[in-house]
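*Asks:*
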Amino acid sequence: NRAYAMKLFGAQAVESGVQSVVQELQAGMIDGVIVMNGIPDLTLPADLVDAAKKTQFLAVSDILQSPLAEAAHVLLPGTAWAEKDGTFMNVDGRVQRLRKAVEPPVTARPEAQWLQEVLVALGARPAVTSIETVFREAMPGYDYGKIGNQGVKTNGTA
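In the working numbering, the protein residues as written are 3 to 160.
1) So, under 8 Å CB-CB, L50 and V20 are touching, yes? Tell me the CB distance rounded to an integer number of Å.
2) A61 lies in the beta strand (DSSP E); which residues open and close that run?
3) In the DSSP assignment, the alpha helix (DSSP H) including V115 goes from what residue to what residue?
4) For the alpha helix (DSSP H) containing Q14, list its first residue and its last residue.
5) Using only CA atoms, which one of Q14, F59, L44 lies nearest to A65?
6) In terms of residues, what are the limits of the alpha helix (DSSP H) holding L70?
7) Mark E105 as exposed unless 16 or more other C-beta atoms lie within 10 angstroms of its C-beta, in which case mark it buried.
8) So, do the region 102–119 and the region 77–88 have three or more beta carbon pairs nearer to each other than 8 Å?
9) Which same chain residues end up closer than 7 Å to I36 when comparing Cβ atoms and leaving out the 5 residues on each side of it in sequence?
10) So what does DSSP say about L46, is it helix, strand or coil?
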């Protein structure tokens, strides 16, 4: 959600949007990119794809092949919404649960697990991070266990 992204990256980075990322990639200010996608028909802006291809390191976690995935130095097989537990916030600010309904392909992992493995590979200490722990950090004041089948309306937007 936007509030958590602002907490992680700063308001200016979030408000300036994709175009500022494209400009920084084109200017060579960003050496590496990790792209996490699990939306089947998402088409990323062509200028973003072209700029990301020029980085020194491009890792992509996705569920389908795409121009960006084809250009990746490292391809991390991702999981679709029905293959993982977690939450998402819709465009109206309602947080809803994802409950794993089917097993993913054997090499696929949820985004949070891939990020944890990348951090460890880069020298970070391994940490046991559950989806509930990530939720508590991203959504302080909300109870993961009380989301229920209808979700919870928040004060924010995605």
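Note that CB positions come from ideal geometry on N, CA and C, so glycine has one too. Predicted model only: the values in this text are computed from it and were never measured.
*Replies:* Working from what's here:
1) Between L50 and V20 a beta carbon distance of about 6 Å is seen, short of the 8 Å cut, so the two are scored as contacting.
2) Under the DSSP assignment, A61 falls in the beta strand (DSSP E) whose first and last residues are 59–64.
3) As written in the sequence, residue 115 is Gln, which differs from the Val given in the question. 113–123 is the extent of the alpha helix (DSSP H) around Q115.
4) Where Q14 is concerned, the enclosing alpha helix (DSSP H) stretches over 13–28.
5) Sequence check: residue 65 is Ile here, not Ala. When only C-alpha atoms are compared, the closest one is L44.
6) From DSSP, the alpha helix (DSSP H) with L70 extends over 69–73.
7) So E105 counts as exposed.
8) As far as the Cβ criterion goes, the region 102–119 touches the region 77–88, which means the pair count is three or higher.
9) Hits under 7 Å: A61, V120.
10) In this structure, L46 counts as coil in the three-state DSSP scheme.
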